[in-house]
Amino acid sequence: MNSRSGLSLFELLVALALLAMIATGLAGALGLAVSVWDRSATISASAEEIALRSRLRIWTRQAIPPSRLTPIPAQFVGHTDGFSFFTLSETPFAPDAAALRVSVTTSGTQILMTAQSIDDEGAEVSRVEGILATGISPRLSYYSDTASPPGWQDTWEDTSRLPTLVRIEAPDGSAPDWPDFVVRLRLD
């Protein structure tokens, strides 16, 4: 009997092919891990702005319509450089507030938000301010479905009702890339 030791050429080629497939899979997983790490670092750098935008979306959606009876003057006012409104939405920073007055203003290349909690007499209880975005030149507009013709307007001065939509947009090529911020208001 001929006793043979070692690997045949075929067995060696199969082992090398398996190692190449494992190495390819590991390289792809490592590339994915690096891109996820970079993305999470980018998101954590702008986490506060993202949280403020999300909160603004909720508050804007729940703006108090002027037809609702409230002890505060519930009106929506919008201009090319900002807008303000009242909401009865609960706030984590002022749980005992009767209402919240939210103001969004543009200042050069920044979008600023101020939220003032108001008590039953209309006095300010507390205030929270934050930057929604920096480095862009935003444009604010308000959609009216009752105008003739229906469309976007640069100002909102109709104190008898809310706009259908509110939009904050930045020009193409803005850095950082700001997607259009469009909110549909609850019109009850």
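For the sequence shown, my numbering gives the first residue as 1140, with consecutive numbering after it.
Positions of the beta carbon are idealized from the N, C-alpha and C atoms, including for glycine.
- Within the stretch 1243–1275, complete beta strand (DSSP E) segments of at least 3 residues are found at 1249–1257 and 1263–1273, given in chain order.
- Taking 7 Å as the cut-off, the beta carbon of Gln1249 is found no closer than this to the beta carbon of Arg1266.
- Between the C-alpha atoms of Leu1239 and Met1160 there is a straight-line separation of about 59 Å.
- Contact fails between the stretch 1164–1173 and the stretch 1190–1197, because fewer than three Cβ pairs, one in each stretch, are under 8 Å apart.
- Of all alpha-carbon atoms in Arg1178, Pro1210, Asp1220 and Asp1258, the one lying nearest the alpha-carbon of Val1243 is that of Asp1220.
- Between the alpha carbons of Pro1204 and Leu1324 lies a gap of roughly 9 Å.
- Of the candidates Asp1258, Leu1279 and Arg1178, the residue whose Cα lies closest to the Cα of Phe1320 is Leu1279.
- One alpha carbon belongs to Thr1253, the other to Ser1287, and they sit about 33 Å apart.
- Note on geometry: alpha-carbon atoms of Arg1178 and Val1322 lie some 26 Å from one another.
- Comparing alpha carbon positions, the residue from Gln1214, Val1264 and Ile1270 closest to Glu1187 is Ile1270.
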